[in-house]
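Chemist: If you're matching positions, the first sequence starts at 1 in UniProt numbering and goes up one per residue. I'd like to ask some things about the structure below.
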Amino acid sequence: MGRQPCCDKVGLKKGPWTAEEDQKLVGFLLTHGHYCWRVVPKLAVRCGKSCRLRWTNYLRPDLKRGLLSDEEQQLVIDLHAQLGNRCVWSKIAAQLPGRTDNEIKNHWNTHIKKKLRKMGIDPVTHRPLDQEAPPPAQQPTPPPPTTTAWQQLDGAERSQQAEDEDVKAVPLIQPQEIRAPPPTASSNCSVSPASVISPACSSSSAASGLEAAEWPEPMYLLGMDGIM
DNA sequence: AACGCGCCCAACCGCATCCCC
DNA sequence: GGGGGATGCGGTTGGGCGCGT
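Take a look at the structure:
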């Protein structure tokens, strides 16, 4: 397998992104309409992986910011229960337009996991902790339960938990419509526009996000006319 | 007011898979 | 059909920040 040289080996920059880098990246992606990560590093002085991650996790215009809503959180838990122990964050993210796999993964590890444990639910098996996980001989992932342990919780407690989160859920995005330019014929990148949206969010709603999308909070992303 | 601790999240790393030649 | 390059994905890390002592 041809492994892409790591950023160190090719002298590409690492670490936190600067406003200037964000501007360049967004400007490039919007200008070219295609998302060929191979050529992006030449502009952003970052490896393609970093550029892609930065775009999909932070700069994408259709991203939702802030904490997951009660519905989203419950959906994540349900999907995790259905998809099994092997976390398929991208698949979960695909069901949550505007959310990234990284975001969901982080939220799971920091919030939901802890919360489930606190409630006496095994975050891996989605069963009460006092009920030991099924023996290894069994199917590692339990069949999709009709009702998860989370769903079986007392409704009041659930809403209380969700309320605590929702109160703090302050959207960081200021609505602003943008239009991504259509793919240019001059582009030699064979990546289809569909790949613009991360596979994690390849749902139709997400795909339409570029047409009338929201921009992330950083105001320096606005007014990128002079880029490039 | 200063310090320490814990939490959160952006970003990196490395493997897996896809795709093109 | 095989090899190599590009991309996707999940796990992990580390810096920043807020809170408690």
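Just so it is clear, CB atoms sit at the ideal spot from N, CA and C, and this is done for glycine as well. Everything numeric in this text was worked out from a predicted model, so none of it was measured.
From which residue to which residue does the alpha helix (DSSP H) around Q74 run?
Modeler: Here the alpha helix (DSSP H) through Q74 covers D70 to L83.
Chemist: Where does R54 land, buried or exposed, given buried means 16+ other C-beta within 10 angstroms?
Modeler: It is buried - the Cβ of R54 has at least 16 other Cβ atoms within 10 Å.
Chemist: Do the CB positions of Q95 and L75 come within less than 8 Å of each other?
Modeler: Their beta carbons are under 8 Å apart, which means Q95 touches L75 by this criterion.
Chemist: Considering only their Cβ atoms, is the gap separating N102 from N57 smaller than 8 Å?
Modeler: A contact, by the Cβ cut-off of 8 Å.
Chemist: Considering Cα atoms alone, identify which of P61, H111 and L59 is closest to I77.
Modeler: The option with the nearest alpha carbon to I77 is H111.
Chemist: Taking its Cβ as the centre, do 16 or more other Cβ atoms sit within 10 Å of A19, making it buried, or is it exposed?
Modeler: A19 comes out exposed.
Chemist: Alpha carbons only, please: which of K91, H80, L67 and C51 is nearest the one belonging to P27?
Modeler: For the sequence presented, residue 27 should be read as Gly rather than Pro. G27 has its Cα closest to that of C51, out of K91, H80, L67 and C51.
Chemist: Give the DSSP bridge partners of residue 232, in chain order.
Modeler: Here the chain has residues from 1 to 228 only, and residue 232 is not among them.
Chemist: Buried or exposed for P16, please, with buried defined as at least 16 other CB atoms from any protein chain shown within 10 angstroms of its CB.
Modeler: So P16 ends up on the exposed side.
Chemist: Are the CB atoms of residue 270 and K105 nearer to each other than 8 Å?
Modeler: Past the edges of the chain, shown from 1 to 228, lies residue 270, and the structure says nothing about it.
Chemist: Tell me whether residue 301 sits in a helix, a strand or coil according to DSSP, three-state version.
Modeler: Look at the range of the chain in this structure, 1 to 228, and you will see that residue 301 is not part of it.
Chemist: What does the Cβ neighbour count give for P135, buried or exposed, with the cut at 16 atoms within 10 Å?
Modeler: Residue confidence for P135 is low, a pLDDT of 45 falling below 50, so the modelled location carries little weight and cannot support an answer.
Chemist: Alpha carbon to alpha carbon, how far is H107 from W37? Give it in angstroms, no decimals.
Modeler: Those two C-alpha atoms are separated by around 27 Å.
Chemist: Tell me the rounded alpha-carbon separation between K113 and P61.
Modeler: Cα-Cα distance, rounded: 28 Å.
Chemist: CA-CA distance, L30 and Q73?
Modeler: Rounded to the nearest angstrom, the two C-alpha atoms are 31 Å apart.
Chemist: Quick one: grab the DSSP three-state call for R62.
Modeler: The question names Arg, but residue 62 in the sequence shown is Asp. Of the three classes helix, strand and coil, the one that applies to D62 here is coil, per DSSP.
Chemist: If I measure Cβ to Cβ from V39 and keep anything under 6 Å in the same chain, skipping five residues before and after, which residues do I get?
Modeler: Contacts found: none.
Chemist: Going by C-alpha distance, which of Q82, A93 and L59 is nearest H126?
Modeler: The shortest C-alpha separation from H126 is found at Q82.
Chemist: Which same chain residues end up closer than 8 Å to P128 when comparing Cβ atoms and leaving out the 5 residues on each side of it in sequence?
Modeler: Counting only Cβ-Cβ distances below 8 Å, and skipping sequence neighbours, we find G120, I121, D122 and A149.
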